[in-house]
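To get the numbering used here, take the position in the sequence shown, counting from 1, and add 665.
Built from N, CA and C at the ideal position, the CB exists for glycine as well.
To keep things clear, I will list the structure first and then write my remarks on it.
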Amino acid sequence: MSVVRTECEQQPCRNFVLTGLVQGRGVRPAVSRLAVRFGLRGFVRNSAEGVDVTVTGDVDGLTAFAEKLGQTYRIANAWTSDAGEQFDGFVIRESRVEGSFATVVPTDVAICSKCIADLSDGNSRRFGYPFTTCTQCGPRYSILAAMPFDRQRTSMHEFAMCNACHSEYTDAADRRFHSQTNCCANCGPRCWVTDQYDNVLESGPGFLSFIADAIVSGQIVAVKGLGGYQLMCDATQRDVVAELRTRKHRARKPLAVLVRDLRMAVEIAEIDSGSQTQLSDPANPIVIMPAKNNGLLAEEISPGLNTVGVMLPATGLHWMIADRVARPLVLTSANLSGGAIVYRNDDAMSALREVADLWLHHDREILRPIDDSVVQFVAGQCMTVRAARGISPMSWSRSVPSSDTIVSLGGHQKCSIGIATTSHWLLGPHIGDLETEETRSRFMEETAAWQKLIGNRVGSYACDQHPDYFSSMLAEKSGQSVVRVQHHHAHVVSAAFQHGLLDQQVLGIAFDGSGAGSDQTIWGGEILIASPSECNRVGYLQPFRLPGGAAAIQQPWRTALSLISQVCDGNELDAWIHKFTDRLDLSTACFMIDNAPMTTSMGRLFDAVAAISLGIFQADYEGEPAMRLESACDESETGSYRFELHSGDSLLLDWRPLLVDLLEDLPSLSSGRIAMKFHRAVANAVVEVAGRFAGFPAVVCGGVFQNRLLLKLIHDRATALAVDIRFPGSIPTNDGGLALGQLIAASAMTPHSGEAHVAREDLSCA
666 MSVVRTECEQ QPCRNFVLTG LVQGRGVRPA VSRLAVRFGL RGFVRNSAEG VDVTVTGDVD
726 GLTAFAEKLG QTYRIANAWT SDAGEQFDGF VIRESRVEGS FATVVPTDVA ICSKCIADLS
786 DGNSRRFGYP FTTCTQCGPR YSILAAMPFD RQRTSMHEFA MCNACHSEYT DAADRRFHSQ
846 TNCCANCGPR CWVTDQYDNV LESGPGFLSF IADAIVSGQI VAVKGLGGYQ LMCDATQRDV
906 VAELRTRKHR ARKPLAVLVR DLRMAVEIAE IDSGSQTQLS DPANPIVIMP AKNNGLLAEE
966 ISPGLNTVGV MLPATGLHWM IADRVARPLV LTSANLSGGA IVYRNDDAMS ALREVADLWL
1026 HHDREILRPI DDSVVQFVAG QCMTVRAARG ISPMSWSRSV PSSDTIVSLG GHQKCSIGIA
1086 TTSHWLLGPH IGDLETEETR SRFMEETAAW QKLIGNRVGS YACDQHPDYF SSMLAEKSGQ
1146 SVVRVQHHHA HVVSAAFQHG LLDQQVLGIA FDGSGAGSDQ TIWGGEILIA SPSECNRVGY
1206 LQPFRLPGGA AAIQQPWRTA LSLISQVCDG NELDAWIHKF TDRLDLSTAC FMIDNAPMTT
1266 SMGRLFDAVA AISLGIFQAD YEGEPAMRLE SACDESETGS YRFELHSGDS LLLDWRPLLV
1326 DLLEDLPSLS SGRIAMKFHR AVANAVVEVA GRFAGFPAVV CGGVFQNRLL LKLIHDRATA
1386 LAVDIRFPGS IPTNDGGLAL GQLIAASAMT PHSGEAHVAR EDLSCA
């Protein structure tokens, strides 16, 4: 007669809580296999805190299991219990949904090589099935309704597994064991093609040939991807790419290119080992790399630039199309320029009727729309330009737990949402610029969705100091306490967090386009000594006036005219006026300049130099003049212009000697050499500033430091002079990282202050 043992009465029970990115990554199946391997019994389950594990068995097995578990995962808590329930084997239990939210939200994962092999194998039952996934790949965040991550809390709950899929799901030896997105052509999502009138043109396996033929013939297709609709066309046909730009109202902003594999990527881009690693990463970002000038891509892909953004297929659907067409494809967000990404089937038909020729739909609902991530590899490390699909949500454990939940709303451009829970810092995906009602509505939807997901009551909001930002006004209307963090303080805190420097003051060199300053002027060329709770302005770019205010962003000649007026006489200024515009005379221009707001913006200085040296008078997108100036650089030029650094109450970076020399060079020096001398001047100034404040660790931050060449020049000079400067990394250095800096600064401030302390302090320079 057999006796059922009460496990914990005869052998010890070990309990573990695993935290970090442990949901949607095949952790439960892996833990189950590990327990069986060591002859243990018990269970594993998802929970609000992460993953719960309870095991019992002999002491040697428990010891080996615990050691292996600790090597693979982060164990937040572990304890031994002497009494418990009876276990018969090891099982994966239903998730525990109660409790405080303290886990990491899973990111979407690009299709893996094994799943590509399945859908391309004529003998596989998943041959030609575009929604093939496993425990290691597939949608996660974009289909998530609630945590913990289980099929019934995703949009996959609508698709009941067939017998064959369920057999895989319950087979511990199968790589789809307990895969929450498991499906096949018999039970999973399906595709169909429509025209602009929503007539179904193809709904069977023939959709692939239909779409591929359409692309080759020059048509533009709206494809429902992982996080939203994308516009796809042949990247080698100039007239097709030009037509896409016309329909999308996107004159010159660079377009991303989808390639089937690394071999195709090598044909169109110069790929170093770092960029290759990023291309192949499961996050599947767009990787910005030097473009090969071999004529394979249409010139209209990235006009005026020497780089190209390349990505590998994110899903089986993308891979199948790229494989069938067998040439590079444009893949860009399906929206009009500046608008929010379209992700609902019905909206795609109405919003894209004047843009697309065909629509490739599917019936797996996108619950959380998300754009493609963008990265670049520079100065030996990967730098995130846009944190979105595959990279975001980003999450970090808080060193000191807090009882308050803070929501930060970022700035006005490249907006994302940050949340400080009791145990984690969270940075949500890129949403976009809050210029349109459409994007503002999406921003409010995302804010509400995140608050619902974490399930915690919001204690306060953090926002930018600019009173007219939509995000700032939204915070003020919340009825909660609001902490306003100065724009560049948030940049520096975000960068300090990136490098583990929150426990000390840092030198922050924050260069960008604009941010509201504490003196009611527009900042953007700032030298700050900062900690999370305090920020002291110790230097800045020589101020100048910004004629037209925000209009100068689209018309860089305005800034150029303002700068020239400070170093040239009236006759020279009048000559430049006639070069820039036929709508102004000298007296009107002088009046416009004299009554314009003041700024210290390094970003606008880049724009002005681009206008003067390259003749770029109109910008199609934010940062275009500076990006084209970088691309124009002749790297054989070893000379440099110079900023004069004046010490006083604050360190002043005087650009006027630089501009005088630049104007003298115009008649005799090529624009490429002028651009290079300017870049060297900025790099040299950054290193000199860091050297003068050598007592503080230095970080560079702000959108100007997305410039690959500038960072390389800073890196090389700083290395040669043994000056320690920390560069941007996984957290966006542009305004996409503001929300994180706001969170950390707001958490560090006293509850009654409501403001970051931004002051000017006399700190001696070395």
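Inter-residue Cα distance where the pair is residue i and residue j
i, j, result
"Pro1058", "Tyr1134", "23 Å"
"Glu1110", "Ala916", "29 Å"
"Val701", "Ile740", "20 Å"
"Gly1367", "Ser1227", "23 Å"
"Cys1047", "Pro1393", "9 Å"
"Leu1193", "Ile1281", "32 Å"
"Ser1196", "Pro1262", "29 Å"
"Gly1401", "Asp836", "42 Å"
"Val1157", "Gln1185", "20 Å"
"Ala1363", "His1089", "26 Å"
"Asn959", "Ile1035", "33 Å"
"Glu964", "Phe1271", "24 Å"
"Gln1041", "Phe1256", "43 Å"
"Arg912", "Arg928", "31 Å"
"Leu896", "Gly704", "52 Å"
"Ser746", "Arg1054", "41 Å"
"Cys1080", "Leu1327", "36 Å"
"Val709", "Asp717", "6 Å"
"Asp753", "Asp839", "21 Å"
"Pro968", "Asp1285", "11 Å"
"Val1020", "Ala999", "9 Å"
Paired residues, beta bridge with residue i - DSSP
i, result
"Met1048", "Gln1041"
"Ser1060", "Leu1091"
"Val1369", "Note: Val1369 sits in no beta bridge, so no partner."
"Thr719", "Asn680 and Phe708"
"Leu896", "Ala887 and Thr997"
"Trp1241", "For Trp1241, which the question treats as bridged, DSSP gives no partner whatsoever."
"Trp857", "His1026"
"Leu1193", "Gly1173 and Arg1202"
"Ser1146", "Ser1125"
"Ile933", "Per DSSP, none; premise fails for Ile933."
"Ile1409", "In DSSP, Ile1409 forms no bridge with anything."
Test item: CB-CB of residue i and residue j under 9 Å
i, j, result
"Ala1085", "Ile1409", "yes"
"Ser1183", "Gln1130", "yes"
"Gly1356", "Ala1160", "no"
"Pro993", "Ile933", "yes"
"Cys848", "Met826", "yes"
"Leu686", "Val756", "no"
"Ala795", "Cys856", "The question names Ala, but residue 795 in the sequence shown is Pro. Cβ distance < 9 Å, so Pro795 and Cys856 count as in contact."
"Val720", "Cys678", "yes"
"Ile876", "Cys898", "no"
"Arg761", "Thr800", "no"
"Phe792", "Ala731", "no"
Residues of its chain near residue i, where Cβ-Cβ distance is below 7 Å and the 5 sequence neighbours each way are ignored
i, result
"Asn1349", "Ser1305 and Arg1382"
"Phe1308", "Leu1318, Asp1319, Trp1320, Leu1323, Ala1346 and Ala1350"
"Arg1223", "Pro1212, Gly1213, Ala1216 and Ala1217"
"Leu1432", "Outside the displayed span of the chain (666 to 1431) sits residue 1432, for which this structure offers no information."
"Gly1120", "Phe766"
"Cys830", "Asn847, Cys848, Cys849 and Cys852"
Residues of its chain near residue i, where Cβ-Cβ distance is below 8 Å and the 5 sequence neighbours each way are ignored
i, result
"Ile808", "Thr819, Ser820, Met821, Thr846, Arg1029, Glu1030, Ile1031, Leu1032 and Arg1033"
"Leu970", "Pro919, Ala956, Met1292, Arg1293 and Ser1296"
"Thr1101", "Gly1003, Gly1004 and Ala1005"
"Met976", "Ala921, Val922, Leu923, Val924, Leu944, Asn949, Pro950, Ile951, Val952, Leu996 and Asp1037"
"Ser868", "Arg855, Cys856, Trp857 and Val858"
"Asp1299", "Ser1335, Gly1337, Arg1338, Ala1340 and Met1341"
Other residues of its chain near residue i: CB distance less than 6 Å, five sequence neighbours each side excluded
i, result
"Gly1268", "Asp1177, Gly1178, Gly1189 and Val1369"
"Leu1403", "Gly1075, Gly1076 and Ala1155"
"Arg1105", "Leu1099 and Phe1135"
"Asp1022", "Gln884 and Ile885"
"Gly1419", "Any reading at Gly1419 must be qualified, since the residue scores a pLDDT of 46, below 50, and its modelled position is unreliable; no value is offered."
"Ser1060", "Val769, His1089 and Leu1091"
"Gly1083", "Ser1073, Leu1092, Ala1404, Leu1405 and Leu1408"
Minimum Cβ-Cβ distance from residue i to chain E less than 9 Å
i, result
"Leu1226", "The question asks about chain E, but that chain is absent: this structure has only one protein chain."
Cβ-heavy atom distance, residue i to the ligand SAH, below 8 Å
i, result
"Ser1002", "Absence of the ligand SAH is noted for the structure shown, with no ligands found whatsoever."
**OP:** Report the residue ranges of all alpha helix (DSSP H) runs contained in full by the segment 1282-1345; include only those spanning at least 4 residues, in chain order.
**Re:** Within the segment 1282-1345, the complete alpha helix (DSSP H) segments at least 4 residues long are 1289-1297 and 1321-1330, listed from N- to C-terminus.
**OP:** Within the segment 973-1031, note down every full beta strand (DSSP E) run reaching 3 residues or more, in order along the chain.
**Re:** 994-998 and 1023-1027
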